Structure formats: C-alpha cells, structure tokens
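Worksheet for the structure shown next.
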Amino acid sequence: MTKRHGISPVLPTSALLWLLIAFGLLLLPQLDRLPIWLSVSCVALAGWRWLVQLGIIRLPGRILRIAIMVALIAFYVIGARGQFSVETASSFFVLAVGMKWLETRTTRDVYVLFFILCYLAAVNFLFQQGILWALINFIGISLLLISLQVLNAPDIPNSVVTSWRRLGGLLLKTLPVVVLLFIFFPRLSPLWSVPLVSGQARTGISDSMEPGSISDLAQSSERAFRVTFGGMLPEYRDRYWRGLILDRFENERWEQADKAVAGRPGRISSDGGIGDLRENEYDVLLEPTYQRWAFALDNSSPVSANVTGEPDGTFVFDRPADTSIRYRMEREENPSQRSNEQTLSQADQYRYLQLPREGNPRARDYARKLLTEYQEPLDYAQALMARFRSQPYFYTLRPPAMPEDSVDALLFDVKRGFCAHYASATAFMLRAAGIPSRIVIGYQGGSPGNNDEYLIIRQYDAHAWVELWSPDRGWIRLDPTAAIAPQRIESGLRDAVAEEGSFLENEWISPSRYGDVALVRWLTLQADSINYEWQRWVVGYQGQTQMNLMSRLPGNFSLRDLGYLSAGLFGGSLLVAGLWASWRQRRRVPNDPLERLMVRWRRLLEARGVDVTSSDTPITLARKAADQMPAQGSRHAVFARAVNNHYYGSAPLSRRDWLRLKRLLSSLTR
Numbered sequence: 004m005t006k007r008h009g010i011s012p013v014l015p016t017s018a019l020l021w022l023l024i025a026f027g028l029l030l031l032p033q034l035d036r037l038p039i040w041l042s043v044s045c046v047a048l049a050g051w052r053w054l055v056q057l058g059i060i061r062l063p064g065r066i067l068r069i070a071i072m073v074a075l076i077a078f079y080v081i082g083a084r085g086q087f088s089v090e091t092a093s094s095f096f097v098l099a100v101g102m103k104w105l106e107t108r109t110t111r112d113v114y115v116l117f118f119i120l121c122y123l124a125a126v127n128f129l130f131q132q133g134i135l136w137a138l139i140n141f142i143g144i145s146l147l148l149i150s151l152q153v154l155n156a157p158d159i160p161n162s163v164v165t166s167w168r169r170l171g172g173l174l175l176k177t178l179p180v181v182v183l184l185f186i187f188f189p190r191l192s193p194l195w196s197v198p199l200v201s202g203q204a205r206t207g208i209s210d211s212m213e214p215g216s217i218s219d220l221a222q223s224s225e226r227a228f229r230v231t232f233g234g235m236l237p238e239y240r241d242r243y244w245r246g247l248i249l250d251r252f253e254n255e256r257w258e259q260a261d262k263a264v265a266g267r268p269g270r271i272s273s274d275g276g277i278g279d280l281r282e283n284e285y286d287v288l289l290e291p292t293y294q295r296w297a298f299a300l301d302n303s304s305p306v307s308a309n310v311t312g313e314p315d316g317t318f319v320f321d322r323p324a325d326t327s328i329r330y331r332m333e334r335e336e337n338p339s340q341r342s343n344e345q346t347l348s349q350a351d352q353y354r355y356l357q358l359p360r361e362g363n364p365r366a367r368d369y370a371r372k373l374l375t376e377y378q379e380p381l382d383y384a385q386a387l388m389a390r391f392r393s394q395p396y397f398y399t400l401r402p403p404a405m406p407e408d409s410v411d412a413l414l415f416d417v418k419r420g421f422c423a424h425y426a427s428a429t430a431f432m433l434r435a436a437g438i439p440s441r442i443v444i445g446y447q448g449g450s451p452g453n454n455d456e457y458l459i460i461r462q463y464d465a466h467a468w469v470e471l472w473s474p475d476r477g478w479i480r481l482d483p484t485a486a487i488a489p490q491r492i493e494s495g496l497r498d499a500v501a502e503e504g505s506f507l508e509n510e511w512i513s514p515s516r517y518g519d520v521a522l523v524r525w526l527t528l529q530a531d532s533i534n535y536e537w538q539r540w541v542v543g544y545q546g547q548t549q550m551n552l553m554s555r556l557p558g559n560f561s562l563r564d565l566g567y568l569s570a571g572l573f574g575g576s577l578l579v580a581g582l583w584a585s586w587r588q589r590r591r592v593p594n595d596p597l598e599r600l601m602v603r604w605r606r607l608l609e610a611r612g613v614d615v616t617s618s619d620t621p622i623t624l625a626r627k628a629a630d631q632m633p634a635q636g637s638r639h640a641v642f643a644r645a646v647n648n649h650y651y652g653s654a655p656l657s658r659r660d661w662l663r664l665k666r667l668l669s670s671l672t673r
C-alpha cells in the first residue's frame, strides 16, 4: 500500500465514494433554505475528506478541527439571529453532517455517518414531499446501502452493475412487505408536533396590499394550489378564489384591521379527503403557504374538518399550512335563492368606511360629485365602472411608480396599473361616497390539468377585487379589472398582457412562459399530473383517506383491526424471513460468490459419484474427479487451480474473473 503525505487509505475508496455521492444527493432538497456559505462549506468539507482518501492532503489535526467547528458555528449563530424553528434546527444538523466528514477515519466512523445520512433523508421529507424529491431521496438511500455492501464485503465483486443488481434483489424482496404496511398500517395523529414556520420569505399573497405588490407576484409561475371538481369545471370568469379580506387603508396600503391570530401550535392535518366527490364538491390541494388562510370559490362551505369558515366569507386553518394541505369544500348550487338576513353592525360600518382624514383630494371631490348623480350604491358603482370602460385606462404588468396620493394619480394622471391599483382606487371611491366596501385578495382563473381532470392555479393568477355592501343584497363583488381588461377575467393573464409582452418576462426557463408550444405544454401537464397523483394518493394517504379505502374492503375494518392486521403482516414477514434464513443455513448457501461456486462444484461431483468430504481442498477434489471421470479430469484441474489462485492471491475477485469461473463450471456439467 502506497503512502503520500503520510496518509494511508484505511477505508474502501468505492465505499467512501458512494457515501459522498449520496451526501450530495441528500443535500439537494435542503439547498433552497440553506445559506449559500453553509452549502459551500458542506461540499468543501466532504471534498476535503475525498482528497484525504486519495492521499493528496492530510486530515486536519484536533486543534484545526476545533477551530473550523468554532468558526462555522459562529457563522451559523450570527446568521440565525436568535431564531429557532425546525428549519434552523435542520440547517444546523446539515452543518454538523458536513463537519462529520473531517472525523471519518475508521470503519466505525463510516457506520455512524451512514446512519446520520439516513436521518438526513428523513429530515428532507419535512420540507419536500414531491415525487421528484422522493426519487432523489430514494437514490441517495440506495447509494448508502451500496456503500454498506462494499464496506462489509470488500472482496466481493462490486462493479456498478453488480452493486445495483444486488441491491435491486434486496429491494424486491422487501417491496411486498413495504406496500402492505403502507396500505394497512394505521395512520395515527401525533401527540405533539412542532410547526415549520419561520421568518423566511415565501412566494404567495400576503396579509397586506400596496401598489405593485400583486404585479410582482404575477411574474411567478410557482404553483399555488390544484382543484379537483366532482362535477363540471366552472367557467373561467367564475373562478374567483377568495383568500382574505383587507379592510384598513393607511399610507396608501391596505391591510387587515384585525390581524389573524397565529393559531394553535403544532402541525395541521394534511388529510381532508372524505370519500368520493359529489357533484357540487371540490377538493383543493394547497401548496405550503406558512399562513392560515385557505382559498375557495364564492358561496362555498367547508366539508372536511381541517378548514373552518369565517363570518366574512373567508376560510382558515387552525394552524399555518406548513405542508401540502388537502381540504374539501361544497359550493351552493343556487346561491341566488339563499336568504340574506345579515346586516352590518355599527362597528362593521365604521370598519368598512374607514379612510384617512387627508390624502387623494381629487378622488374625494370626484366621489362627492358622482354621488350627487347616483345616490344608490349599485348605480354609483356602475357609474364608476363605466368611467373605467370609457376612458383610456390600461391594464399592465409594468405600472409606473405611484406618488403619495396614488389613487389621484391612477384615476386622473397615469391611468395605467394592475389589479391591485384599480381595486384600491375603487374601494377608496366607494368609501369616499359612504358605501361600505372592502378588498378581497386571492386568485382568479386557473388552467386545466392533464385531460381537464383538475385545475392548476399559479401565482400569476393572483388577483384583487372589491366587494361593496348593499342593504338589499348583502356583499356584492365588483371587479374593476373586468371593466378595464375583460380578457384577464375571461381567459387569463397571458392574453391580457399579450400585446405588452410582459407575461413572465423575468422567468426565461419557466415552462409556463412557453405554454403556447404544444410539446412544452404536454410535457408540463404530464409532469404535473404525475406529481398531483403522488400528492393525492401517496403523500395524502393518511387518516380519513385510509379509513375510506378500508371501508370498501370486505370486513369493514376499524382502526383496531388495522393495528392487528399490521402486526400480523409484520410478524408474518419476520417469520418468512426467518424460515428463508434457516433454509439457506441448512443448505449452506454462502454469501460469497466464490463460495457459492464451490458449493455447486461439490454438489456436481457428489451427483457424479465422487466421494466428497468437508476437508477436501480444491486440488484434492480435482484429483478425485479425475479418478472418477478421466475424460473431464483436466477441466476440473483447471477450475481447481483458478479457485486456488483467487483464494490465496492478493487481488480481489473481479466480476470478469467470477464470470469466467462460472462459465468454466457450467462447462463441467455437460
């Protein structure tokens, strides 16, 4: 064994290489939440250990290791700024895994690192549960198992193909047990849990709105949620997905007067499936928002238990949505026949008429002038919409910067804006005329998924509109965007800004940007469909969804029955595995491939009448074979010498040598 810089590799190089590749794969799901310096540090530390294995550099001494550890922890503490959450804890864990590479010297250290990396794979599922990330985790864990194979049997042929074939055989043996346990093992709610919420910024609507906020969001093609309907998809113009109400206007900014409370600690139930969808029901699969609000169509009510309705017509979870949430809603078939007995209290009237004492003087004057002509709230609103339709107002993703009196500037000077600008101006004008109003923010639209089976709502579908109060009809939706750019409400943002060419202008690699290309659109829909089904039937297979499936099987399984069945399956699997091991022990089937060839040779000789004893060496067996079968004696001798060379030679048995021996043994059976 050669030495360079006084370092001798004491670990199989291939085992360490598999570990390094696995670490790189398992690090990928963490990259979007890790600081850049931390990711680079982990890669550098792992690379350092690889250079040590190659004999190029030394492992650092104790003092240098302590100095590196103190420096990295100091950087982490400074960057964390006293925050503590599951995200910060997982980041620190990744840092610890990176530092562990500099302590990996012996086989025992590799075993420790193996289990640590398995735990890292489990941590990844806290944040990423899509099918792509699940596949990456699976490959990473597979590489860890291959490294364990190499570490425990360095003399066995371990080419890439052989390693994967051996691992595939092990996985196929365990697959039936895994599938059965996945289906039948009861999903129990945790006794306690920790939310994943942190201060990290997330793409999505927020609890405040100011000019330009939604136009920035409209440049993102990230998925917001998907919806599956029990009946026909609603018309595009009817796809208004309510999110939250903004009722306070201050400093050109709309926000909630009463901030929603943070909710109970712990994690929300992500399972809202309760059987087959009825005609007027729909399932929503919401991406993580780290907020409490849910999204639903007008005139909806909750069906699943993980979402509740609010008096203002919005819906909330009892905890922040820190993972993908599936919930079910029911929409009234004939909302026009619903009795409207609600009234506005004096406090609510003050709430929905609130305006600053000063600001936007021209808009206030125009509101008073318009009110002298149209005293009825609906007439006044229609007159305002008529102004938007008749005058040259433009809907644009490139609105100019607004001055302090943004409503005045939009109505009388600039006349260019996005939905947030026009909604803000409309609500201001209504309140200035004494008409209670509020802003609703959420999404409008949604594109059909694969085979029109569901709708995909993306961030660029974010939208803001207005609701005004009518004593006779209650809250009525008023959308100024429909008056200015009706194509936005009828067909979507892409068509509304087609002439401007500003749709996703900053996302050059987004497939949604090239949705008009048939091949890109087809590939995008296929990928989304696969991921959607994965989320619904694998990630979302828990709680009530599992019980619904069990109820369709003969026997009407209860939760206790599932527990008994799972215990039986697990015990039965252990019994089968024990019997299999016992059978192999009785037949003395070794794990070493060279030993297996020897067992086959011995059985062949016994079948030909050769007296074989356990103490016979390969050369002795070849002599006995020559005495019993003179015509084949030379070939048995060649096989015996080849076996001896590999038993007592210094070079490990390669796959090529093993295949040559296997062919030679096969020739002896003819």
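Using our numbering, you'd call the opening residue of the sequence shown number 4 and step up by one each time. Quick reminder that beta carbons are idealized off the backbone N, C-alpha and C, glycines included. Just so we're clear, the structure is a prediction, and the values are computed from it rather than from any experiment.
Going by C-alpha distance, which of the options is nearest residue i?
{"i": "Glu282", "options": "Val306, Arg390 and Glu333", "result": "Glu333"}
{"i": "Phe318", "options": "Glu379, Ala308, Gly246 and Thr292", "result": "Gly246"}
{"i": "Met632", "options": "Gly612, Ala643, Asn648 and His649", "result": "Gly612"}
{"i": "Leu526", "options": "Trp511, Asn454 and Gln490", "result": "Asn454"}
{"i": "Leu280", "options": "Leu358, Ile492 and Glu456", "result": "Glu456"}
{"i": "Asp250", "options": "Leu356, Leu31 and Glu508", "result": "Leu356"}
{"i": "Leu123", "options": "Arg295, Gly143 and Glu106", "result": "Gly143"}
{"i": "Gln131", "options": "Ala156, Leu98, Ala501 and Leu34", "result": "Leu34"}
{"i": "Leu664", "options": "Asp408, Val541, Gly233 and Val646", "result": "Val646"}
{"i": "Glu106", "options": "Gly85, Arg65 and Ala77", "result": "Arg65"}
What do you reckon, are the CB atoms on residue i and residue j nearer than 8 Å?
{"i": "Ile217", "j": "Asp315", "result": "no"}
{"i": "Trp21", "j": "Leu146", "result": "yes"}
{"i": "Trp244", "j": "Gly445", "result": "yes"}
{"i": "Ile139", "j": "Ile533", "result": "no"}
{"i": "Ala467", "j": "Ala426", "result": "yes"}
{"i": "Gln635", "j": "Ala628", "result": "yes"}
{"i": "Glu258", "j": "Asn302", "result": "no"}
Identify, in the order they occur along the chain, each residue of the same chain with its Cβ nearer than 6 Å to the Cβ of residue i, setting aside the five sequence neighbours on each side.
{"i": "Ala435", "result": "Arg367 and Ala370"}
{"i": "Val410", "result": "Asn363, Ala366, Ala428 and Phe431"}
{"i": "Leu667", "result": "Phe642"}
My output table needs one value for residue i: the three-state DSSP class, helix, strand or coil.
{"i": "Ile134", "result": "helix"}
{"i": "Arg281", "result": "coil"}
{"i": "Val469", "result": "strand"}
{"i": "Arg7", "result": "With a pLDDT of only 43 at Arg7, under 50, the local geometry of the prediction cannot be trusted, and the value read off the model is given with reservation. In the structure shown, Arg7 sits in a strand (DSSP, three-state: E or B)."}
{"i": "Asn343", "result": "Only weak support is given to the placement of Asn343: the predicted model assigns it a pLDDT of 48, under 50, and the value that follows is read from those uncertain coordinates. Asn343: coil per DSSP, three-state reduction."}
{"i": "Ile71", "result": "helix"}
{"i": "Val410", "result": "helix"}
{"i": "Met601", "result": "helix"}
{"i": "Asn302", "result": "coil"}
{"i": "Phe631", "result": "The question names Phe, yet the displayed sequence has Gln at residue 631. Of the three classes helix, strand and coil, the one that applies to Gln631 here is helix, per DSSP."}
{"i": "Ala156", "result": "coil"}
Please go through the same chain and pick out, in chain order, the residues whose beta-carbon is closer than 7 Å to the beta-carbon of residue i, but skip the five residues on each side of it.
{"i": "Arg392", "result": "Ala486"}
{"i": "Ala83", "result": "Thr91"}
{"i": "Glu598", "result": "none"}
{"i": "Ile10", "result": "With a pLDDT of only 40 at Ile10, under 50, the local geometry of the prediction cannot be trusted, and no value is derived from it."}
{"i": "Leu23", "result": "Ala49 and Trp53"}
{"i": "Arg461", "result": "Ser224, Glu225, Arg226, Ala227 and Ser515"}
Given residue i, which residues of its chain have a CB within under 8 Å of its CB, disregarding the five upstream and five downstream residues?
{"i": "Val523", "result": "Pro514 and Tyr517"}
{"i": "Gly495", "result": "Tyr239, Gly448, Ser450 and Asp464"}
{"i": "Glu510", "result": "Gln222, Ser223, Ser224 and Arg516"}
{"i": "Leu148", "result": "Leu170 and Leu173"}
{"i": "Glu376", "result": "Ala386"}
{"i": "Leu120", "result": "Leu22, Ala25, Phe26, Leu29, Val100, Gly143 and Leu147"}
Looking at the unbroken alpha helix (DSSP H) that takes in residue i, where does it start and where does it end?
{"i": "Gly171", "result": "Val163 to Phe187"}
{"i": "Phe87", "result": "Taken as a continuous stretch (DSSP letters only), Phe87 belongs to no alpha helix (DSSP H), as it is neither H nor E."}
{"i": "Leu123", "result": "Thr110 to Asn127"}
{"i": "Ser44", "result": "Ile39 to Gln56"}
{"i": "Gly636", "result": "Gly636 to Tyr651"}
{"i": "Phe252", "result": "From DSSP, Phe252 is part of no alpha helix (DSSP H) but of the beta strand (DSSP E) over Arg251 to Glu253."}
{"i": "Val523", "result": "Ala521 to Trp537"}
{"i": "Arg401", "result": "Premise fails: Arg401 is in no alpha helix (DSSP H) and is neither H nor E."}
{"i": "Leu220", "result": "Ser216 to Leu220"}
{"i": "Tyr355", "result": "Gln349 to Leu356"}
{"i": "Met332", "result": "Counting along the chain, Met332 falls outside any alpha helix (DSSP H), though it belongs to the beta strand (DSSP E) covering Ile328 to Arg334."}
Between which two residues does the beta strand (DSSP E) containing residue i stretch?
{"i": "Met388", "result": "Unbroken run through Met388 is the alpha helix (DSSP H), Pro380 to Ser393; no beta strand (DSSP E)."}
{"i": "Ala227", "result": "Arg226 to Phe232"}
Taking only beta-carbon atoms, is residue i less than 8 Å away from chain E?
{"i": "Leu30", "result": "Among the chains of the structure shown, chain E does not appear; only one protein chain is present."}
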